[in-house]
Structure formats: C-alpha cells, structure tokens
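Those sequence lines, one after another, are chains R and F. Anchor point for the first sequence: position 47 equals 192 in the numbering used here, and the numbering is continuous, going up by one each time. Anchor point for the second sequence: position 391 equals 924 in the numbering used here, and the numbering is continuous, going up by one each time. All C-beta atoms, glycine included, are put in the ideal place defined by N, C-alpha and C. Everything on this sheet refers to the single structure shown next.
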Amino acid sequence: MNFELTEERQMLQDGLRRYLSESVTHEGLAAATDSDAGHDAGLWAGLAEMGVIGALFSEEDGGFGGAGFDLSLVFEETGRAGLVEPLLDVGVLSGGLIAALGNDTQRGLVEQIIGGVVQVAFAHGEPNSRYDLSRVETTAKAQGDGYVLNGRKAVVVGAPSAQMLIVSARTSGNAMDQDGISLFLLPAGHDGIEMRSYPLNGGGRAAEVTLTDVTVGADALLGAEGQAFAALEDANARATCAIAAEALGLMETIKTLTTDYLSQRKQFGQPIGKFQVLQHRMADVLIEIEQARSAVINLAGNLDGDRVERERHVSATKNLIGRVARQVVEESIQMHGGIGMTQEYALSHFAKRLTMVDHRFGDTDFHLERFIRLSAA
Amino acid sequence: MDLSYTPEQLAFQDEVRSFLQDKLPAHLSDKVKGGKRLGKADYEEWHAILNERGWLAATWAPEYGGTGWDAVQRHIFEMETTAAGAPRIVPFGLHMLGPVLQKFGNQQQKDYWLPRILNGDDWWCQGYSEPGAGSDLASVKTTAVRDGDHYVVNGQKTWTTLGQYANMIFCLVRTSKEGKPQEGISFLLVDMDTPGVEVRPIVLLDGEAEVNEVWFDNVRVPVENLVGEENKGWTYAKYLLTHERTNIAGVGFARQGLANLRRIAGLEQSGGQPLIQNPFFAGRLAQVEIDLMAMATTNLRVIAAAAAGNAPGAESSMLKVKGTIIRQEINALTRQAIGPYAAPFVSEELEAGSNADPVGPEYAMAGTQAYFNNRKLSIYGGSNEVQRQIISKAILGL
C-alpha cells in the first residue's frame with residue numbers, strides 16, 4: 146500500500162502547480178474565454194514546454210506518462226488553477242484516440258500535439274445524444290474510395306482553437322448501436338464544415354459543428370470502419386478520470402477560498418468561522434472532498450484494468466464527484482453570502498466550472514443507473 | 534378542517550383570472566415564461582395596468598389606495614398572477630416603503646410619496662446591506678450627520694437590487710454611535726439625483742447586473758426626508774422586513790418552476806426515452822413535488838392564521854427556509870435535465886426578440902442561469918442561517 150507520488154510525478158506536480166499559480170489569473174481566464182480561440186496560446190505553449198501534454202501519453206506513444214495517476218495529477222492541478230485550456234479535449238480525448246487507432250501517418254500528429262503545435266478537437270456528442278456514448282446519428286456514406294459525412298455535433302469543446310477535428314459518424318446500424326461507429330480525422334476548415342463558436346459556463350469555448358456533404362478520402366478514417374466503440378469507451382474512461390481529477394482540484398481551491406473567507410469575514414463582532422453551524426458544515430465539505438479524492442484514486446488505479454471493473458469505477462467515481470460537486474458549490478456560495486455570487490470574485494469561476502463537470506461524460510443519475518447495471522452484470 | 538376556498542374566495546379567483554386573461558400583455562408573459570430579461574419599461578407597464586384596476590398595492594390599506602385584501606385574497610392573487618406569467622411586482626416601493634410610511638411617516642410624507650409610488654413617478658430601491666453589514670444588519674456604518682436643515686450622508690450600500698433603474702433610495706443610516714448598534718440607526722429617504730450619489734453595477738455569476746453598489750459622498754438630504762424619529766430606524770426596518778417576507782414561501786414560483794421542469798424532462802431524451810420516464814429522474818422530481826404539496830399547505834396554514842388576525846412571526850422564517858430549499862432543488866433538477874447544453878453561455882439568448890438562434894434547446898440558457906442566479910434565494914432577505922436562528926430563538930426558545 147502506497148499513496149505517495151513517485152519522484153517524477155512529485156516533480157511534475159510541484160512544477161505544474163508553481164507554473165500555474167504564477168501564470169493563471171482570474172482576469173486572464175476571463176480574457177481567454179472572451180477571445181475567439183477561447184484559450185491562451187502562451188499558456189498552451191508553456192504547458193507543452195513543461196511536458197504536461199506529454200505526461201498524458203505513454204512512452205510508447207511518444208510521451209512520458211499516460212497512466213491513470215499521470216492524468217489525475219495533471220488535471221487536479223489544472224482544476225486547482227481553474228484553467229480553461231482544452232487540455233482534456235486535445236490531450237486525453239483526441240490525442241488518446243489518435244494514439245490508439247491511428248496509422249503511422251496519423252500517429253505523427255501525436256508528436257505535434259505533445260509539442261503544443263497542433264490542437265485536435267473531438268466532435269462526438271450530438272444534439273440528441275445527451276450522455277449516450279453510442280448514440281451517433283451523423284452519417285458517413287461510402288462514396289468512391291472515400292466517404293461523405295452529414296450531421297451535427299454539439300458542444301465540441303476546444304473546436305474554436307483546433308486545426309483538426311475527429312468526427313464520429315455512423316457507417317452502419319441504427320442510432321443507438323455500438324457497432325457501426327467510425328471516426329474520421331480531418332482539417333477543421335474542411336469544405337462543408339461550419340462552426341458556431343460560443344463561450345462556456347465555467348470558461349473556455351466550444352462550437353456547434355455542422356457537417357454538410359463533407360467529402361473525405363479513405364485516408365481520413367481513424368481506425369477500422371464501424372469498430373470505434375471500444376476505443377470511444379476507453380477514451381471516455383480516461384476523460385472521466387481527468388475531469389474527476391479536475392473537479393477535485395476545483396474543490397480544493399473552493400475549500401481554501403471558503404475557509405479563508407470564514408476566517409476573515411466578521412459579523413456580530415466575530416469571524417463567521419467561529420459560528421458552530423458553519424464550522425460543522427465546512428467540516429462536512431472537507432469530509433466529502435476527501436471522499437472525492439479517494440474516488441479519483443479508485444478510478445485512476447483501475448483505468449488500465451479489466452473492462453467491466455474499470456467501467457464500474459468510471460460510473461462510481463463520476464456519480465460521487467457529481468454529488469460532492471453540488472454540495473461544495475452550493476455550500477461555498479451560501480457560506481460566502483452575496484460576495485460568493487459576484488463575477489468579480491474568483492469563487493464564481495470555480496463554482497461554475499465545477500457545476501459544469503456534471504454536464505459532461507454523464508451526470509450523477511446517469512452513472513448511478515449505469516453503476517447498478519454494471520454491478521448486476 | 535376544510536382545505537377548500539369559500540364561494541367568495543372562488544369568485545375572487547375567477548375575477549383575477551379573467552382580469553389576467555384580458556389585461557396581461559402577451560409580450561410580458563412570454564418574457565417571464567421564457568426566462569428572458571425584463572427591463573424597467575416592462576415592470577412599469579405591468580404596474581400601470583394593475584394600478585388602473587386598483588390592484589397594485591395588495592398590502593396597503595384602502596385609504597391609501599390599497600386593495601384592502603386579506604391574506605387569503607393576497608395569496609390567491611399571487612398564485613394566479615404567477616401562474617399566468619405576470620411580471621413580479623417590484624417590491625421596494627409597494628411592499629416595503631409603502632407600509633413603513635403608512636405606519637411611521639408623517640402626513641406630509643404619506644400625501645407626497647404614496648401616490649407617487651402607485652403612479653410610478655418614483656422607482657425606489659433598498660439601501661440596507663453594506664459591505665460590512667449583511668446578516669448583521671445593525672452594524673451599518675453609513676453616516677448621516679445633521680447640518681442645519683440637512684443630513685450629510687457618507688458611506689456605501691450594496692446588493693441594491695435594480696438600483697440602476699431607481700431615482701429614490703430608502704436607507705438605514707447611522708445617526709448616533711451611542712448605546713447598542715440598533716439604537717443609533719435612522720430611516721432616511723434619499724433622492725439619487727443628489728450630487729454625491731453614485732451607482733455602480735455588480736455583475737453576478739450568471740453574467741447579469743441586477744444588483745448594484747450605491748456610494749454616498751457628502752450627499753445633502755433635507756431633514757424632512759427622515760421617516761419617524763431619529764435613531765428609531767431599526768424599529769421601522771424590522772417592520773419593513775416583516776412585509777418583505779410576504780409571499781416568502783414562493784409557492785407560485787415553485788409551481789411554475791416545476792411545470793417548466795416537467796416540460797423539459799419530457800423533451801430531453803436519455804437512453805432512447807424521455808428523461809421524465811427515467812425512474813431515477815422521475816423519483817427526484819416526485820420527491821420535490823411531494824415536498825411542495827406539503828409546503829403549500831404549511832403556507833396556507835400561516836395565511837389562514839394571518840387572515841384571522843395573527844401576525845406571522847417566526848413562521849415566515851420557516852416558510853422562507855423550506856420554500857427556498859424547494860425552489861433551489863427545482864432549479865438544480867432543471868439544470869440537470871438540460872444536460873450537455875447547460876454549458877453554452879450565450880448572453881444574447883436572454884434578450885427577448887434576439888435574432889440569434891439558441892445554441893441548444895430554447896430553455897437551456899434560461900434554465901441554467903436560473904440555477905446560478907437563484908443561489909441568492911437562500912442568501913438575501915435574511916439568509917437561511919439567520920432564519921434558522923430566529924426559529925430556534927422565537928419558536929423553540931433556545
């Protein structure tokens with residue numbers, strides 16, 4: 146039994162925490178969200194230079210990490226800083242899929258992703274798919290020796306700054322089938338692709354991506370035709386680990402902000418942190434955040450294990466994170482009072498970003514139901 | 534024990550319903566139901582319509598132009614207007630200052646200010662909270678120093694709701710530092726066009742600017758704008774707060790919210806079926822509905838006692854706590870129901886008549902922002918912590 150980080154990971158954590166605390170400001174995050182790209186190119190380059198993107202990939206794929214505990218350590222730190230860069234989308238989702246499924250040419254992109262010179266966004270969710278991973282209505286029809294893609298992709302995080310897209314589309318089967326889903330890797334500016342970009346609650350930008358008769362060659366196919374689901378589930382598990390760790394980091398910062406506020410804010414002649422009712426509620430918040438930390442460790446440690454066991458942990462962790470996130474957000478705002486609701490004060494950014502964690506990769510109820518199903522199997 | 538309305542009350546309900554059918558403009562109810570922004574002109578339009586019918590001042594005595602309704606009639610009116618999607622009545626002049634002036638103002642103040650409230654000549658806002666005086670309201674520091682026939686006011690108020698529309702503000706100011714903090718507070722009416730008054734918007738986490746800071750720098754206020762006696766303002770402030778707590782349970786809002794939630798959960802698809810058929814989600818929705826059914830009756834019990842002449846005391850604290858918990862749960866379930874489209878933040882979508890197509894479903898933006906915005910429900914008007922303190926002291930005697 147050992148819950149200590151290895152020496153390398155400890156160094157990465159220390160360095161990343163220092164870099165982010167020096168480079169990320171409340172104003173900078175807002176400016177990134179307001180910009181067309183929705184991110185800060187300087188920060189992105191800095192992350193690449195530190196090897197943070199590389200830490201998300203295994204040595205075999207050209208990185209220097211890639212295990213569950215690498216993901217959890219990186220994303221806990223980005224969460225702690227409230228970072229809005231599309232690191233999860235580019236590094237874990239798109240990068241992970243290219244590394245897992247790509248041919249030699251496509252895999253060449255991984256090096257460019259790790260180097261911070263290319264961003265690839267993953268266009269998978271659709272207006273009707275909610276959290277159902279296999280619900281793909283976008284179609285890819287074979288034509289000549291290539292395909293024609295039609296459909297619409299929803300809330301594609303990181304698309305506004307991406308040069309490339311991975312698009313999921315159905316080459317056979319019905320809307321909910323696991324079989325028949327294919328992935329295509331193509332330039333974001335390809336003919337027939339239209340993007341509507343917008344800012345997100347909690348920062349960063351996404352886009353609605355509409356594909357109208359997008360004609361690609363067979364070389365755009367990423368992995369075998371119709372067989373993408375297993376890789377999708379894999380990438381989804383890793384992304385869930387990442388977002389759960391990010392949530393944990395967000396919670397840690399919220400805990401610090403709230404504890405500081407309880408110590409400083411005086412009403413009725415004393416710091417409000419002296420009131421027992423608030424002490425107890427803050428103690429509950431702390432207990433639940435420690436539960437969240439353990440849930441992240443559970444998932445990170447089971448990420449490379451047996452599929453059913455891994456997926457049970459995906460759902461267990463995401464369910465618990467969702468429940469704790471709501472409690473941490475609501476209690477921290479309440480204990481701050483009015484100031485906790487102002488956009489100018491940092492808490493609002495962390496609270497909104499943490500709230501939005503439950504709106505990606507399945508919410509608390511989705512995973513509760515899924516956990517029951519997987520446990521019964 | 535009888536849970537139903539009397540024939541007279543039912544007739545009144547019909548009268549309100551047909552009035553709303555005839556007179557509530559669709560462009561206003563569309564905005565309210567769609568969660569769009571309401572501007573100053575929207576509120577003024579609705580106030581004028583109610584005023585013409587004599588129904589604007591539900592809490593005022595008939596001699597001042599009020600309806601003279603009892604608590605049950607006020608409740609019926611509240612339920613019907615909320616269900617119809619009428620804009621809320623802006624409470625600062627009508628529900629807060631009006632009753633204070635009627636009880637503590639001098640004749641000249643009543644004659645001058647009350648008709649102006651009814652006619653919409655003044656838009657009032659509330660100058661209570663300060664950066665250092667929230668739950669501990671008695672620690673207000675804004676000072677008013679007598680100088681001839683004026684008070685000179687210095688200090689800062691905050692969380693001033695819709696202060697950007699206001700031309701008048703009623704303030705709690707410190708006129709004495711002697712004795713207990715409560716003993717040196719006065720109730721002063723300030724014209725916001727006076728030199729030295731500055732309003733600065735505060736943007737909240739939903740991106741909207743509905744509250745403000747109001748700064749006072751050597752603002753000269755005529756002494757005739759003092760309400761009641763100097764240093765007795767705390768009494769008036771407490772009296773006002775009992776009126777602030779009318780309709781504190783928010784049953785009408787909760788019912789509207791629940792209906793909206795049910796609609797959204799019927800449209801959202803999860804696992805190939807409407808979300809509302811998902812037993813987990815349906816269970817959560819049912820739970821909050823059950824709570825609301827019971828709370829609505831708790832509310833009626835307090836109303837019936839009030840109609841029988843028993844002024845509600847700590848019971849209103851109970852209604853505030855439970856009422857806000859229920860409304861916030863409905864807001865949270867609505868946000869959850871919206872799914873991935875809760876993430877896009879497109880501010881223009883809250884503007885009625887905006888040309889921008891919504892990014893996701895038409896309810897997504899308003900539903901998500903309502904969750905964030907309504908965190909305020911358990912903070913303002915006496916936080917839920919303060920309400921629980923009142924309950925434990927006044928009811929439990931602890």
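**Request:** Kindly indicate which residue of R:G187, R:A307, R:N443, R:E514 has the alpha-carbon position closest to the one of R:S342.
**Result:** R:A307
**Asked** Is the beta carbon of R:I103 less than 9 Å from the beta carbon of R:L393?
**Response** Only positions 146 to 522 of chain R appear in the structure, and residue 103 of chain R is not among them; the question remains open.
**Request:** Answer with yes or no whether the minimum CB distance from R:G347 to chain F is below 9 Å.
**Result:** yes
**Request:** Check the C-beta distance from R:R225 over to R:E397 and give it rounded, since I have them as a contact under 8 Å.
**Result:** 6 Å
**Request:** Mind the definition here: the region 659 to 679 of chain F touches the region 581 to 596 of chain F only if three or more C-beta pairs lie below 8 Å; say whether that holds.
**Result:** no
**Asked** Does the region 307 to 326 of chain R touch the region 367 to 379 of chain R, meaning 3 or more C-beta pairs lie closer than 8 Å?
**Response** yes
**Item:** Touching by the beta-carbon criterion (3+ pairs, under 8 Å), the region 766 to 786 of chain F and the region 912 to 923 of chain F
**Value:** yes
**Prompt:** So, does the CB of F:F824 fall closer than 9 Å to a CB anywhere in chain R?
**Reply:** Checking the displayed sequence, the identity of residue 824 of chain F turns out to be Asp instead of Phe. Taking Cβ atoms only, chain R never reaches closer than 9 Å to F:D824, which makes this a no.
**Request:** Report the rounded CA-to-CA distance for F:E707 versus R:Q415, giving the unit in angstroms.
**Result:** Per the sequence presented here, residue 707 of chain F reads as Arg, with Glu not at that position. Taking the straight line joining both Cα atoms gives about 21 Å.
**Nearest candidate by alpha-carbon position, reference F:N584, set F:N888, F:P873, F:R649, F:V723** = F:R649
**Message:** Here's a check: name, in chain order, each residue in its chain whose Cβ is nearer than 6 Å to the Cβ of R:R468, leaving out the five neighbours to either side.
**Reply:** T509
**Prompt:** My guess is that F:F720 and F:G785 are in contact by the Cβ rule of under 8 Å, so how many angstroms apart are they, rounded?
**Reply:** With a Cβ gap of about 30 Å, F:F720 and F:G785 do not count as contacting.
**Request:** Would you kindly report the start and end of the unbroken beta strand (DSSP E) that includes F:V752?
**Result:** 744 to 755
**Message:** Three or more C-beta pairs under 8 Å: does that hold for the region 343 to 361 of chain R against the region 287 to 303 of chain R?
**Reply:** yes
**Item:** Cβ pair R:A285, R:S327 closer than 9 Å
**Value:** yes
**Prompt:** Distance, Cα to Cα, R:G208 vs R:A491?
**Reply:** 34 Å
**Prompt:** Hey, is R:F220's beta-carbon within less than 9 Å of any beta-carbon in chain F?
**Reply:** no
**Asked** Going along the chain, which residues of its own chain have a beta-carbon closer than 7 Å to the beta-carbon of F:A865, five neighbours each way excluded?
**Response** Y904
**Request:** Report the three-state DSSP secondary structure of R:S327 (helix, strand or coil).
**Result:** strand
**Prompt:** With distances taken between CB atoms, is the gap from R:F495 to R:I399 smaller than 9 Å?
**Reply:** yes
**Item:** Which of helix, strand or coil DSSP assigns to R:M321
**Value:** coil
**Cα-Cα separation, F:T615 to F:T539** = 21 Å
**Prompt:** How long is the line joining the alpha carbons of R:A363 and R:L330, rounded to whole angstroms?
**Reply:** 10 Å
**Message:** Contact criterion: CB-CB distance below 9 Å. Does R:S493 meet it with respect to chain F?
**Reply:** yes
**Message:** If the criterion is Cβ atoms closer than 9 Å, does the pair F:E741 and F:L883 meet it?
**Reply:** yes
**Request:** Say whether chain F places a C-beta atom closer than 9 Å to the C-beta of R:G270.
**Result:** yes
**Message:** So, under 8 Å CB-CB, F:G842 and F:I781 are touching, yes? Tell me the CB distance rounded to an integer number of Å.
**Reply:** Contact flag wrong, Cβ pair sits at about 19 Å.
**Message:** Can you tell me whether R:T462 is buried or exposed? The criterion is at least 16 other CB atoms within 10 Å of its CB, across all chains shown.
**Reply:** buried
**Asked** What's the C-alpha gap between R:I243 and R:G210?
**Response** 16 Å
**Request:** Note down, in chain order, each residue of its chain lying with its Cβ closer than 7 Å to the Cβ of R:L366, except the 5 sequence neighbours on either side.
**Result:** S327, F329
**Request:** Name, please, each residue of chain F whose Cβ falls closer than 9 Å to the Cβ of R:Q479.
**Result:** R908, S911, I912, S916, N917, E918
**Exposure of F:I622, with buried meaning 16 or more beta-carbon neighbours within 10 Å** = buried
**Request:** Kindly list, in the order they appear in chain A, the residues whose Cβ is closer than 7 Å to that of R:L513.
**Result:** You won't find chain A in this structure, because its protein chains are R and F.
**Prompt:** Looking at the structure shown, is F:W692 part of a helix, part of a strand, or coil, going by DSSP?
**Reply:** coil
**Asked** Who are the Cβ neighbours of R:M486 in its own chain at under 8 Å, not counting the five residues just before and after it?
**Response** I478, S493
**Request:** Leaving aside the five residues before and after R:S408 along the sequence, list all residues of the same chain whose C-beta is less than 6 Å from its C-beta, in chain order.
**Result:** P416, G418
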